[in-house]
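For reference, the structure is listed below as structure tokens.
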Amino acid sequence: MADALVRGGTSAPAAPVTARPGGGRRGRPGRRGQRLVEALFLVPAALYLLLFFGYPVVKNVVMSFQEYTTRTFFTGEAPFVGVDNYVNVVTSPVFDRALLNTVLFTLGSIAGQFVLGLAIALFFQRRFPLSGVMRSLILLPWLIPMIAGSAVWRWILDADNGVLNRVLEALPFVDAGPQWLTSTSLALVAVIGVNIWLGIPFNMTILYGGLQEIPEELYEAGELDGATGWRAFRHITWPMLRPVVTVVLVLGVVYTLKVLDVILGLTNGGPANSTQLISTLSYDTSFRQFDFGGGAALGNVLVLLSLVFAIVYLRFNRRAVDE
Amino acid sequence: MSTPTLARTTGRPAPARVRAPRKPGHVLVGLLILAFMLFPLYWMLNVSLQPSSNAVATPWLPFDLTFDGYATAISEQRRNLLTSLAVGLGAVVVSLLVATPAAYALAQFRIRWATPLLFGILITQMVPGIVVANALYSAYSDLGLLNTVGGLVLADAALGIPFSIIVMRAFMGGIPRSVIEAALVDGAGPVRAFVSVVLPMSRNALITAGLFTFLFAWGDFLFALTLTTTPEVRPITLSLYNYIGTFVSDWSPIMATAILSSLPAIALLVVAQRYVAAGVTGGAVK
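In order, the protein sequence lines correspond to chains R and H.
FYI, my numbering numbers position 303 of the first sequence as 303, with every residue one higher than the one before it.
Counting from 1 along the second sequence, just add 1000 to a position and that's the residue number in my numbering.
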């Protein structure tokens, strides 16, 4: 979609030009009525998005300044408490850990997904038998419910009977397989690994689409200049792929910041908060401790992270490309 | 975001030379990649076909083939599977009803706030689900929508609408203006032209948008987790989570449930591969 959006964004100014002849010819009464009918096509979608995305964002900001607990549901009272919720969640001992985990989880996931996704996309750029079927089968991990993927990984990563440790223990120099999901030092690595597996299909597919857009002639011409292999990638593929890379990375970060299913399915944020993210902490605060004000404050921290990243990245990237 | 030009390397006559890679090697590497990506799914299937595998290392192949896991899963999860089915189908209907006219308007009309709306659609992708759930919970509580299929349908449709608008808009933008104008000249109003000309022509885009919306709604976990609390309305994703949340003594029915919950995705790839391809290239929101 990002691709389509970007294209849509740049081609939008051109639309009126193509539509003008029709509009000019039909300058008779009833045109205002027609305008109204046309607007009605958009009203349901606009309202829906306002109700299910706009309203929650605004409501969350309001809630984050209120003492909003289970009592609120009975009494209807949610007294305003200023920035108390923010102070509480930010000074809680878990917050620093969750913030650090969120950054590590996002960076680790994106790095792994992107590099592996790009490598697989480059590989599938060559034509060979069955490549089409293989490319669609690789999508499966992304299409099944995330919680189903998490469930099987939980069993694969099981310290005592999981298949991964069985393979590792069969190696001559491994005594006992690691406690993937139950040790505080490894659990974050394990959930990042699973999230990379989940994200490869998305990265691979979008990057593959971008690779297909690069004209074959460029490579043929490059070959004459001696640009093959790594040099062809550096001087032809990478610069041409750059806009798609931007889209994949921005969407990837934005989506990874929101991740919650994978963590809840694998570790529930444990052991000892070692895989707690801002998103899971927000869920925990709202729906397990019933402090909806605190949960809202954490949710807003998440939105802020996402916004700051998108703005900084897009600004930085635009400058880098312009130069 | 212009890309650096390659003036240095372009503009030469391209030689007609086709690279002929060693294909067996490629197929082998491709299969290895596939094995790496699909092993967890194989393992899901393998465990689901084993007899009770508590505290025992699962054999590599289901030699001792049994469908007991599925029997247990179906008898325990039938209701939840049906709930997910109802939620998924409901979300498809709501999402298509709302998104199709909007996609058409954005593709073909001259509308001043088309760009802000498209930007808004992009922004929706940045809103974390937990933020939506946090606010919806209290609203749903006031409206009596907690623990209802209808409530989940409305929330899950919201996941499909931005994606559907983008996919269908891209397709409808390709419908020649003259076709629609011909209908208008024949006396059809904009609504008639939309229903009897645009919709039939956009059949494939509608199918793609519908299929993906179904998958989003079927696979949704966060809204199921936060907006339902009773066993009466419990989507399959939530019940799978409850399953693995407790101490697990037998993985075989759990993996059978995971397989059942993955069936729509698998069926989609087998039956409707071209629509999936269209959806993924046209857009990739999840």
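Every residue gets a Cβ at the ideal spot worked out from N, C-alpha and C, and that includes glycine.
Keep in mind that this is a model prediction, so the values were computed, not measured.
For H/S1196, no chain R residue has a C-beta closer than 7 Å to its own C-beta; the minimum C-beta separation is roughly 15 Å.
R/T228 is positioned such that its CB atom lies no closer than 8 Å to that of R/L260. Between H/E1076 and H/N1147, the gap from beta carbon to beta carbon reaches 8 Å or more. Sequence-distant partners of H/A1265 (beyond 5 residues in either direction) whose C-beta falls short of 7 Å from its own C-beta, in its chain, are L1215. Taken through DSSP and simplified to helix, strand or coil, R/T102 comes out as helix. DSSP, reduced to helix, strand and coil, places R/D96 within a helical segment of the structure shown. In this structure H/P1116 does not touch R/E38 by the C-beta definition: roughly 16 Å separates them, more than the 8 Å allowed. When R/A159, R/F233, R/P129 and R/Y68 are compared, the shortest CA-CA separation from H/G1030 is found for R/P129. Rounded to the nearest whole angstrom, the CA to CA distance from H/S1249 to R/V152 is 14 Å. The beta-carbon of H/I1074 is placed no less than 8 Å from the nearest beta-carbon of chain R.
For R/Q212, the enclosing alpha helix (DSSP H) covers residues A187 to Q212. A straight line joining the alpha-carbon of R/V253 with that of R/S183 spans about 26 Å. If you check each beta-carbon in the segment 1117 to 1136 of chain H against every beta-carbon of chain R, the ones closer than 9 Å belong to L1117, L1118, F1119, G1120, I1121, L1122, I1123, T1124, Q1125, M1126, V1127, P1128, G1129, I1130, V1131, V1132, A1133, N1134, A1135 and L1136. Apart from the 5 residues on each side of it in sequence, H/Y1137 sits with its Cβ closer than 8 Å to the Cβ of L1146, T1226 and L1227 in its chain, given in chain order.
Around the beta-carbon of H/V1093, fewer than 16 other beta-carbon atoms lie within 10 Å, marking it exposed.
Excluding five sequence positions before and after H/N1046, the CB atoms of its chain that fall closer than 6 Å to its own CB belong to P1062, given in chain order. For R/D291, the pairing in a beta bridge is given by DSSP as R/T69. As computed with DSSP, R/F80 is found in a beta bridge with R/Q66.
For H/G1090, the closest Cβ of chain R is not nearer than 8 Å. Proximity of chain R to H/L1240 at the Cβ level (cut-off 8 Å) is accounted for by P145, I147, A148 and A151, in chain order.
The residue among R/P145, R/L139, R/V194 and R/G108 with its C-alpha nearest the C-alpha of R/L164 is R/V194. For H/I1180, the enclosing alpha helix (DSSP H) has its first and last residue at R1177 to V1185. At a cut-off of 8 Å between beta carbons, H/Q1077 makes no contact with chain R.
Proximity of H/I1111 to chain R, defined by a Cβ-Cβ separation below 8 Å, is satisfied.
For secondary structure counted as the alpha helix (DSSP H) over 4 or more consecutive residues, the segment 1092 to 1163 of chain H holds these complete runs in sequence order: 1114 to 1124 and 1129 to 1143.
With respect to H/A1102, R/L42 sits close: the two C-beta atoms are nearer than 8 Å.
Residues of chain R whose Cβ lies closer than 9 Å to the Cβ of H/A1182 do not exist; the shortest such Cβ separation is about 12 Å. Two segments are said to touch when three or more pairs of C-beta atoms, one from each, lie closer than 8 Å; by this definition the segment 154 to 162 of chain R touches the segment 170 to 185 of chain R.
Remark: C-beta atoms of H/Y1070 and H/A1256 approach each other more closely than 8 Å.
Shown here is that no member of the segment 169 to 190 of chain R has a Cβ falling below 8 Å from a Cβ of chain H. Residue burial is scored here from C-beta neighbours: R/G33 has fewer than 16 other C-beta atoms within 10 angstroms and is therefore classed as exposed. When the alpha-carbon of R/I200 is set against those of R/A170, R/I138, R/E67 and R/R288, the nearest one is in R/I138. Contact annotation for R/S92 against chain H: no contact, minimum CB-CB distance about 17 Å [criterion: below 9 Å]. Along the segment 1175 to 1255 of chain H, the alpha helix (DSSP H) occurs as fully enclosed runs of 4 or more residues at 1177 to 1185, 1190 to 1193, 1203 to 1219, 1222 to 1227 and 1236 to 1245, listed in sequence order.
For R/W155, the nearest beta carbon of chain H is closer than 8 Å to its own beta carbon. Identification of chain H residues near R/N60 by a Cβ-Cβ cut-off of 7 Å yields V1131, N1134 and A1135, ordered along the chain.
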